[in-house]
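These notes are about the structure you will find just below.
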Amino acid sequence: MQVIQETLNLETVFEFRIAHGSRRAHRNTLVRLRHEGVEGLGEAAPSHYYGETFETVAFALSEWSPHLGDDPFALDAIEQRLDGVLQGHAAARAALDMALHDWIGKKLQTPVWKLFGLDPSRAPRSCVTLGMASPEEMERKLETVRDFPILKVKLGGPGDVENLRRIRAGFKGKLQVDANTAWNAADAVQVLRKIEPLQIELVEQPVPRGDLDGLRWVRERSPIPVFADESAHTLVDIGQLAGRVDGVNLKLMKTGGLREMHRMIHAARAHGMKVMLGSMVESSLALTAAAQLAPLVDYLDLDGHWLLRDDPYAGAPGERGEITLHDTAGLGVAPAGAGVR
Ligand code: MG
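Counting from 408, one number per residue, gives the positions in the sequence shown under our numbering.
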């Protein structure tokens with residue numbers, strides 16, 4: 408198999424600010440995996456917060472590429488070989504995993520969701536995320552999303568409660584909040600009790616990543632269901648989070664691909680947890696890859712294309728959080744403007 412790496416420069420419309428960072432320009436990596444005249448596509452959206460950069464993605468991809476072998480269908484054997492070469496580097500691994508699935512689907516002329524045996528009509532709607540903002544800035548952003556069915560609001564600043572009250576006053580849809588590790592357990596419970604009357608569907612990652620007991624402490628006192636995001640990366644995390652949270656937010660750039668994500672969804676289910684599929688700042692290529700498993704989950708946060716000035720790809724994400732799994736071979740992604748079907 409031949410692997411070609413290209414740069415995918417993405418820019419968000421607004422500066423995207425959350426509790427642990429802020430950026431506008433994002434340098435992702437496009438992977439073209441070629442074999443027997445078929446090309447599979449993948450995307451890596453490295454997160455500095457998790458120690459990945461454009462450069463570490465390039466390094467990991469060049470370490471792994473010689474070990475892919477000559478059978479893209481042998482996903483299990485490939486996974487084991489790559490683990491033996493280099494561990495971690497989840498975003499880089501996700502790009503390869505996506506490209507392999509896209510290749511297999513194209514080779515078999517079948518959509519990837521169909522290979523997983525799923526019903527595309529069961530995909531829930533995605534939320535759209537509002538980054539942290541000053542009250543005036545928030546007012547302007549809210550104007551653009553007033554008629555969306557689900558909003559996720561980033562919290563972790565001093566004006567949180569007031570901001571959220573203002574949003575609720577002008578927004579009739581479902582509201583979710585995400586603290587991105589900003590609080591300690593006691594502060595988290597205090598804020599969550601204050602915002603409870605605003606009908607908040609769930610809160611993501613109220614406390615630091617490693618504070619698993621803090622998650623449990625908050626969950627036991629929170630009037631709002633608690634989800635882990637920064638604390639949930641791979642399958643082993645699900646076992647540790649069982650009983651400590653109500654749900655988990657899984658992302659390809661943390662799991663390292665669809666295979667681990669699929670295992671995690673079922674493990675979370677076994678522990679009675681709700682599941683959300685989320686995303687980093689990604690194009691519709693990576694978002695559509697995650698959407699292949701959307702029929703298995705309760706919530707989606709696959710809104711990256713809406714945050715972007717120019718999305719280079721078209722696929723599952725549509726208007727106002729709508730997610731459509733097309734009957735197109737592979738991941739069902741096409742260059743923007745080319746049309747998916
Ligand atoms: Mg989150």
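From the three backbone atoms N, C-alpha and C, an ideal C-beta is built for every residue, glycine too.
Note that this is a predicted model, so its numbers are computed, not measured.
For residue 538, the CB stays at least 8 Å from every heavy atom of ligand 1. Per DSSP, the continuous alpha helix (DSSP H) segment holding residue 490 begins and ends at 482 to 492. A straight line joining the alpha-carbon of residue 641 with that of residue 700 spans about 16 Å. DSSP lists 683 as the beta-bridge partner residues of residue 656. If you check the C-beta of residue 646 against ligand 1, you find no heavy atom less than 8 Å away. Within its own chain, the residues whose Cβ lies closer than 7 Å to the Cβ of residue 477, once the five positions on either side in sequence are excluded, are 408, listed in chain order. Residue environment: residue 603 is assigned as exposed (fewer than 16 neighbouring CB atoms within 10 Å of its CB, all protein chains considered). Restricting attention to beta strand (DSSP E) runs no shorter than 3 residues, the stretch 428 to 516 encloses them at 428 to 442 and 445 to 451, ordered along the chain. Selection 678, 715 and 675 evaluated against residue 686 yields 715 as nearest (Cα-Cα).
Within 8 Å of the C-beta of residue 428 there is not a single heavy atom belonging to ligand 1. The distance from the Cβ of residue 533 to that of residue 724 is about 7 Å, consistent with a contact at the 8 Å cut-off. At least one heavy atom of ligand 1 is found less than 8 Å from the C-beta of residue 685. Fully contained in the stretch 524 to 604 are the following alpha helix (DSSP H) runs of length 4 or more, in chain order: 542 to 552, 567 to 577 and 592 to 602. Look at residue 621 here: in three-state DSSP terms it is helix.
Taking residue 548 as reference, the option from 558, 498, 557 and 537 with the minimal CA-CA separation is 537. DSSP, read as helix, strand or coil, puts residue 612 in coil.
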